[in-house]
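Heads up: the structure comes next, in structure tokens.
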Amino acid sequence: MNTKPFDEFTHPNPDSGIYWGVPDEQYFTSNPVSKSILCEKFLGYKQPEDRSDANLRIGTAYDWIITNPKAYHSKVVFPGPVDRRTTAGRQRWDQLIKQTDDSVFIRDGSERDALATALSNAQKEFPRLIAAASEKNAQLVGVVRHQSGQMIKCKWDQITPNSIVDHKTTSCGTREEFIDSVWAFQYHVQAAMYQDIWKMLTGEIRDFIFAVSSKRSDSWEGAWLIEPSRSQMKTGYRMYQGMVNAHRWLIK
Numbered sequence: 000m001n002t003k004p005f006d007e008f009t010h011p012n013p014d015s016g017i018y019w020g021v022p023d024e025q026y027f028t029s030n031p032v033s034k035s036i037l038c039e040k041f042l043g044y045k046q047p048e049d050r051s052d053a054n055l056r057i058g059t060a061y062d063w064i065i066t067n068p069k070a071y072h073s074k075v076v077f078p079g080p081v082d083r084r085t086t087a088g089r090q091r092w093d094q095l096i097k098q099t100d101d102s103v104f105i106r107d108g109s110e111r112d113a114l115a116t117a118l119s120n121a122q123k124e125f126p127r128l129i130a131a132a133s134e135k136n137a138q139l140v141g142v143v144r145h146q147s148g149q150m151i152k153c154k155w156d157q158i159t160p161n162s163i164v165d166h167k168t169t170s171c172g173t174r175e176e177f178i179d180s181v182w183a184f185q186y187h188v189q190a191a192m193y194q195d196i197w198k199m200l201t202g203e204i205r206d207f208i209f210a211v212s213s214k215r216s217d218s219w220e221g222a223w224l225i226e227p228s229r230s231q232m233k234t235g236y237r238m239y240q241g242m243v244n245a246h247r248w249l250i251k
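Numbering-wise, the sequence shown is residues 0 to 251 according to numbering that gives the first Met the number 0.
Put into structure tokens, the structure is as follows:
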């Protein structure tokens with residue numbers, strides 16, 4: 000796999016490729032960056048989501064940042080890990096929100112250390128996976144020019160010799176509840192898209208696995224791994240390709 004070092008990542012317009020260790024501040028302010036931009040410009044969705052809430056996940060804030068960088072970059076806050084399961088973490092969270100009023104407050108998802116936890120808990124079920132993300136295999140950034148001409152960039156939490164691992168958080172309390180939820184079904188569409196992007200980048204096909212952590216404090220499982228079945232991936236891919244084809248038809 001041909002990867003590029005961070006110092007070759009030309010912010011804000013990187014060349015196509017796979018880069019190691021790109022800081023969030025540069026990754027999320029590079030253009031084009033987002034799945035949301037992909038949905039709006041490439042898949043045909045025109046109505047942007049409401050980005051006014053100060054407590055935004057990174058995944059829903061992508062295009063909010065990119066839409067008007069001069070106006071919004073000064074209002075984007077990257078506070079780093081905040082563990083809201085603790086009293087101190089909850090107090091810190093409330094303090095940050097008050098201090099960043101009218102700003103985009105983005106948490107990085109690492110407050111639960113969920114990737115390492117999920118991989119550790121599920122080692123026996125997925126023995127071919129590396130036990131935890133390391134400096135060399137964590138946080139890859141992929142940038143690719145799609146056949147439509149649209150530049151797409153996405154960030155994976157871990158790449159192993161056999162798989163792509165993407166971290167998710169959920170309000171579900173158990174693995175079974177997550178699998179049965181509509182969110183899990185939507186993730187299959189995302190898995191198909193990311194798998195397709197990886198194939199465009201490298202020519203390789205990797206299994207796609209979600210490292211999922213529960214946001215619920217009463218979840219005794221805490222975190223788990225889910226590998227979409229072949230039928231689920233086929234369904235997700237058909238939906239993803241259907242959206243792409245529908246957009247091509249709409250813009251003719």
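Quick reminder that beta carbons are idealized off the backbone N, C-alpha and C, glycines included. Everything numeric in this text was worked out from a predicted model, so none of it was measured.
Review point. To the nearest angstrom, how far is it from the Cα of Asp156 to the Cα of Ser15?
Key: 19 Å
Exercise for review: Can you grab the Cα-Cα spacing for the pair Gly10 / Gly172, in whole Å?
Suggested key: Residue 10 is actually His in this sequence, not Gly. Looking at the two C-alpha atoms, the distance is approximately 39 Å.
Exercise for review: Going by CA-CA distance only, name the one from Arg205, Trp19, Lys167 that's closest to Lys3.
Suggested key: Trp19
Point to revise | Cβ neighbours of Phe8 in the same chain (closer than 6 Å, five flanking residues each side left out) | key: Tyr18, Val21
Point to revise | Status (buried if at least 16 other CB within 10 Å, exposed otherwise) for Ser170 | key: exposed
Check your understanding: Since His166 sits in a beta bridge, which residues does DSSP pair it with?
Key -> Ala210
Exercise for review: Pull up the distance between the alpha-carbon of Lys97 and that of Arg91, whole angstroms please.
Suggested key: 10 Å
**Study point:** 7 Å CB neighbourhood of Val188 in its chain, flanking five on each side removed
**Key:** Gly235, Met238, Tyr239
**Study point:** Residue(s) in a DSSP beta bridge with Leu224
**Key:** Ala210
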